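The block underneath contains the structure these notes are about, expressed in structure tokens.
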Amino acid sequence: MNMVSRRLKNIFLTTLVLIYVHGIEEILTGFPHVDSFMKVGSDYLDLTPEQFYWMFHLSFWVLLPILYIVFHRRGKIALFSFSLFGFFFFVIELHHIIKALYSLSYYPGLITALVYPFIGVLYWKELIKNWRMNYGR
């Protein structure tokens, strides 16, 4: 039976809340002004860092609830989608922590980013369990 567990779905929903709170922290602390990805992306598209931030983040923030609905589907595509999501939101978001450690100071988004590793461990443990449950070891 190819299914995504209720626990994995719940962890995903918890992560969605964290993502939105994280975005609020980034906005309030000036993230678009200091992040190198925002600067490079905005230069490439001839936008301000703020415009690039809003374009990039709003598209993901709107897409995430839609993806949650899609993730309810059965099969490998759902688990593959959960895996991609896990990579992007539990690995890439570590850049806030890394940049704060590198500068030995607060980096915009750091406070909420500190929660990502803890939820990420729970998420990945459950995701791996789902892959094994559905497709063997």
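In this note's numbering, the protein residues as written are 673 to 809. The beta carbon of each residue, even a glycine, is placed where N, CA and C say it ideally should be. The model shown is predicted, which means the values in this text are computed figures rather than measured ones.
Residue closest to residue i, alpha-carbon to alpha-carbon, out of the options
{"i": "residue 762", "options": "749, 797, 706", "result": "797"}
{"i": "residue 811", "options": "675, 692, 683", "result": "It is not possible to answer for residue 811, since the shown part of the chain is limited to 673 through 809."}
{"i": "residue 738", "options": "804, 688, 726", "result": "688"}
{"i": "residue 785", "options": "677, 740, 733, 692", "result": "692"}
{"i": "residue 703", "options": "723, 748, 686, 690", "result": "723"}
{"i": "residue 701", "options": "783, 806, 790", "result": "783"}
Residue i classed as buried or exposed, judged by whether at least 16 other C-beta atoms fall within 10 angstroms
{"i": "residue 707", "result": "buried"}
{"i": "residue 710", "result": "buried"}
{"i": "residue 774", "result": "exposed"}
{"i": "residue 807", "result": "exposed"}
{"i": "residue 725", "result": "buried"}
Cutoff 7 Å; reference residue i; Cβ partners in own chain excluding five residues on either side
{"i": "residue 680", "result": "754, 798, 799, 802"}
{"i": "residue 720", "result": "714"}
{"i": "residue 705", "result": "721"}
Cβ-heavy atom distance, residue i to the ligand GDP, below 6 Å
{"i": "residue 802", "result": "Of the ligands one can find in the structure shown there are none, so the ligand GDP has no counterpart to examine."}
Beta carbon of residue i nearer than 7 Å to that of residue j
{"i": "residue 676", "j": "residue 750", "result": "yes"}
{"i": "residue 768", "j": "residue 778", "result": "no"}
{"i": "residue 694", "j": "residue 781", "result": "yes"}
{"i": "residue 765", "j": "residue 795", "result": "no"}
Close beta carbons around residue i, own chain, < 8 Å, minus the five adjacent residues each side
{"i": "residue 736", "result": "688, 691"}
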